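Reviewing the structure listed below.
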Amino acid sequence: MSESGTARAEILRRIRTKLPPQTESAAASYARVPREYTQCGSLDHEAMIDLLIDRLVDYDSDVLRVPKGGDVSGAVAGLLAKKGETRLIVPPQVDPAWVPAGLDLLPDTPPLKTDAIEGAQAVLTPCEVAVASTGTIILKHGPVQGRRVLTLLPDHHICIVREDQVVESVPEAFARLTGTGDAPLTTISGPSATADIEMTRIRGVHGPRRLSVILIGL
Amino acid sequence: MSVRVGKTATAPAFPVAAKKAMQDDQLRRNVHHATSVIRGKRELRVAEMPDWQRLRDAGHAIKDHTLLYLDHYLEMFERNCERAGGKVHWARDADEANAIAIQLIQRYGGTEAGGIEAIKVKTMTSDEVQMNPALEAAGIHPYETDLADMIVQMGEDQPSHIVVPALHKNRHQIREIFIKKMELDSLGDQPADLADAARVYLREKFLRVKIGISGANYAIAETGAVCVVESEGNGRMCLTMPDVLITLIGIEKVIPTFRDLDTFLQLLPRSATGERMNPYNSLWTGVHPGDGPQAFHVILLDNGRTELLENERERETLDCIRCGACLNACPVYRETGGHAYGSIYSGPIGAILSPQLQSMEHSRSLPYASSLCGACYEVCPVKINIPETLIHLRGRVVRENQETFLGSIAPENLGMQLAAHLFTHPDEYEMAQSLAAIGQKPLMRGDLIGPLPGLLGGWTKFRDLAPIPSQSFRDWWKSREKQQHKEAR
Ligand code: SF4
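Protein sequence lines, in the order shown, are assigned to chains A and B.
For the first sequence, this note's numbering gives the first residue as 542, with consecutive numbering after it.
For the second sequence, this note's numbering gives the first residue as 1246, with consecutive numbering after it.
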């Protein structure tokens, strides 16, 4: 047996000899874990969206609202124009209707090389679910929301959130994500930040310096 | 076995180290400032949650349950992680964990002269096993990428807090370290200037270095997924950019289901940094073609943890989710900072975790490094009863001491034995009391007892002692009864 195999057997043996004998199955014992904390939010839709916006702004994110069927690409163009950004990355299956014309567009098909990603100024993706009470956006990485690196290296992340993807509480978000498979997940709450130096919050240490959110109405 | 919690074996005992820390005003100012800021933010964010106590109950219950079925969940995690393309290794102690990491790094990175480089996400567990010195001895250069950890590494220092390891340094001290180690000619002294310097310095490493090392906040048995919680994006970089990822996980970090994350991701950020949610959480399962590292290895670490499973009181220590709230709340930590604990786990959790992991061989003074005020218990998001555990461990220290010959004839022990005898023999107790009331006279300074000689001097060094009254309560009671008797007649 390999060294690690021996270690495995020994650690498991130690666990079994130290623990008191259990009379019920793990599943039965797990079922008795009390979960009396709030599972679902209680706000109506508009109040929930207001809460999300409040939380996003509190974490230094830009927020724009666009009604259903409204001009998403115009909103994207406006956000890019603010800092004169033109080199935009899009994941393979991003909705082409969101992408403004006249850009130096970098589709991730075939997969972009690291220096091309590093050289881009912005990235545009949708998300999987957003949590109003914490201002958190959750990405499920793949052809629609992009590989992890795409939303990591560029300075500006523009994220499109449909209002039907917004939930109020963290438990609701995890309920929606349960069973969605093995794809990597990244949860994002504002731009990257550190408070390691004298507890002063500084934005944009290693990840994107700016996060912009476009909310599409129901 | 080489169970290690940092450099505990060579560290001075807490009272010695604490005395030195108490004389460093700059350090105390830095620690006070940082802990006060986090405490304030935490209180605000916890007050927002009407269901906080119920969340704590759930967190505690999930952890308790998981530990009772630990073998079951570890095997389940291993199965699911490997199904998704990861490889799980098991390490009994610090040396074994380091050896596995070194072997893997050499397998992927070669052993050519000049050395191999690795980038690291903040992991207390790797500090626990002293992985960096072990890697360096094998010719591997590990770069810490968490800003605070980088400051500690560049300053050739030790972490002093489990969440904000460099909180004992102010920006001027950090600037000095950066100028020297990054070989910069000039650098501003604003926090933003320092963060920018770190960004430029590390970006090059993130894009070039092929091996990443991380810890993990959670390992999910049900799915085989691993979760890292962070703020700066250095975590995302180390988990995404390298070709190979090695993740070191203490066996107590496993949780049963994906859904359990909703409990812990509510409890942890609010307790740790006073945020509703930390900027980034990364969750990944095995290997994903075309996205992130294409080789993923997990090292499951025991390092003394299984020893804590037997006793219920001790087992609870493994519930800890390393939020650091108990450090910020602790009046002792706030005065001494983290280094005085001589272990990388400092503050109240360090005071119970470090001695136990090492079977009380080292850091025996740590269970005494507390005022037992209960603040740590109050803030702990998973409701670990730290004060009770401190008392339990003090009992263990005393019992173990008594079992040695020197311990059995030590003045404390003899004194305690005498006291125990007197407390169970009322007549002798009263006799001793009246003798003491006479005997204390030469020590009286005014109405109080001044400095005591010998062993007892520790008590009176910083405080005065009220004397034993000339008439004891029992005497007074007896005379009162006699008096009443007389009056009744
Ligand atoms: S003991 Fe509790 S408060 Fe202290 S670090 Fe662990 S989880 Fe946080």
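Glycine residues also receive a C-beta, built at the ideal position from the N, C-alpha and C atoms.
Since this is a predicted model, take the numbers as computed values, not measurements.
- Here the C-alpha atom of Trp1721 of chain B lies approximately 45 Å from the C-alpha atom of Glu1559 of chain B.
- Between the stretch 1493 to 1505 of chain B and the stretch 1463 to 1476 of chain B there are three or more C-beta pairs closer than 8 Å, enough to call the two in contact.
- Under the three-pair Cβ rule at 8 Å, the stretch 1516 to 1533 of chain B counts as touching the stretch 1565 to 1584 of chain B.
- If you compare the alpha carbons of B:Met1661, B:Ala1585, B:His1310 with that of Gly1251 of chain B, the shortest gap goes to B:Ala1585.
- Around Gly1355 of chain B, the same chain offers Ile1361 as residues with beta carbons nearer than 8 Å, after the five sequence neighbours per side are excluded.
- Sixteen is the threshold: since fewer than 16 other Cβ atoms of the shown chains lie within 10 Å of the Cβ of Phe1668 of chain B, the residue is exposed.
- With a minimum length of 3 residues, the unbroken runs of beta strand (DSSP E) contained wholly in the stretch 1337 to 1389 of chain B fall at 1361 to 1365, 1385 to 1389.
- For Thr579 of chain A, the nearest beta carbon of chain B is closer than 8 Å to its own beta carbon.
- CA-to-CA, the gap between Val1261 of chain B and Phe1650 of chain B works out to about 25 Å.
- About 7 Å separates the CB atoms of Ser1476 of chain B and Tyr1525 of chain B; that is less than 8 Å, so the two are in contact.
- Relative to the ligand SF4, the beta carbon of Gly1569 of chain B is positioned inside 7 Å of a heavy atom.
- Check the Cα spacing between Asp1394 of chain B and each of B:Ile1385, B:Leu1349, B:Gln1716, B:Ala1443: the tightest is with B:Ala1443.
- The Cβ atoms of Ala1336 of chain B and Leu1554 of chain B do not sit closer than 8 Å to each other.
- His697 of chain A sits away from Asn1479 of chain B, with the two beta carbons spaced by 8 Å or more.
- Under a 10 Å Cβ-count criterion, Ser1604 of chain B is classified as exposed, with fewer than 16 other Cβ atoms of the shown protein chains found around its own Cβ.
- Under the DSSP assignment, His1278 of chain B falls in the alpha helix (DSSP H) whose first and last residues are 1270 to 1292.
- DSSP, reduced to helix, strand and coil, places Pro1632 of chain B within a helical segment of the structure shown.
- With the rule of 3 Cβ pairs closer than 8 Å, the stretch 543 to 557 of chain A does not count as touching the stretch 1266 to 1285 of chain B.
- Rounded to whole angstroms, the gap between the alpha carbons of Lys1426 of chain B and Met1399 of chain B is 6 Å.
- Bridge partners of Glu1475 of chain B according to DSSP: B:Tyr1525.
- For the set B:Ile1494, B:Ala1470, B:Thr1562, the Cα lying nearest the Cα of Ser1527 of chain B is the one of B:Ala1470.
- Inter-residue distance for Glu1520 of chain B and Lys1628 of chain B is about 19 Å (C-alpha atoms, whole angstroms).
- Excluding the 5 residues flanking it on each side, Arg689 of chain A has same chain C-beta neighbours closer than 7 Å at His682, Pro725, Thr727, in chain order.
- At least one C-beta of chain A is nearer than 8 Å to the C-beta of Asp1536 of chain B.
- Judged by beta-carbon spacing, Ala1540 of chain B lies beyond the 8 Å limit of Asp1505 of chain B, meaning their Cβ atoms are not closer than that value.
- With respect to chain B, the C-beta atom of Lys559 of chain A has a partner C-beta closer than 8 Å.
- Look at Asp1430 of chain B here: in three-state DSSP terms it is coil, with no helix or strand label.
- If you ignore the 5 residues before and after His1607 of chain B, its C-beta comes within less than 6 Å of the C-beta of Thr1253, Ala1254, all in its own chain and listed in chain order.
- Residues Asp1434, Gln1435, Pro1436, Leu1439 of the same chain have their beta carbon placed closer than 8 Å to that of Arg1416 of chain B, with the five preceding and five following residues left out of the count.
- Against chain B, the beta carbon of Arg576 of chain A has neighbours under 7 Å at Ala1303, listed in chain order.
- Ranked by Cα distance from Ser566 of chain A, the options B:Gln1298, B:Ala1292, B:Tyr1314, B:Glu1293 are led by B:Tyr1314.
- With a threshold of 8 Å between beta carbons, Ser730 of chain A makes contact with chain B.
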